[in-house]
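Beneath this line is the structure, given in structure tokens, with notes to follow.
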């Protein structure tokens, strides 16, 4: 399993556009083969004049994630957020060897 997790911050003036772009992206991505989960979360803690978001994705394979990066909705998403004032971005890819219930 592949997990993608991280955060990004946008200027306060771009929060609503970031939410709209994230909602569209998540809805389309969840329909992809190999997508286990795809979520965006807004940070509840104040971050000054920005909005912080967390992204969390689970994919069955590297191939599924690679195909995800080539989708039209990924291109649209990158175009939308590319026009935003992004203050920081820290997103990582993890290869998970084992998953168990707690």
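Numbering (the numbering used here), first residue to last: -3 to 98.
Backbone N, C-alpha and C define an ideal beta-carbon position, used for all residues, glycine too.
Out of 81, 91 and 88, point me to the one whose CA is closest to residue 7's CA.
On the chain shown, position 11 is the one that residue 7 refers to. Nearest option by C-alpha distance: 81.
Three-way DSSP call (helix, strand, coil) for residue 47 in this model:
Taking the chain shown and counting its residues from 1, the one referred to as residue 47 is at position 51. Strand.
Cβ neighbours of residue 53 in the same chain (closer than 6 Å, five flanking residues each side left out)
What you label residue 53 is simply residue 57 of the chain shown in a count that begins at 1. The answer, listed in chain order, is 0 and 34.
Could you tell me the boundaries of the beta strand (DSSP E) in which residue 35 lies?
In the chain shown, residue 35 corresponds to position 39, counting from 1. Note, residue 35: beta strand (DSSP E), 31 to 38.
Touch test, the segment 68 to 78 against the segment 20 to 29, Cβ-Cβ under 8 Å, three pairs minimum:
yes
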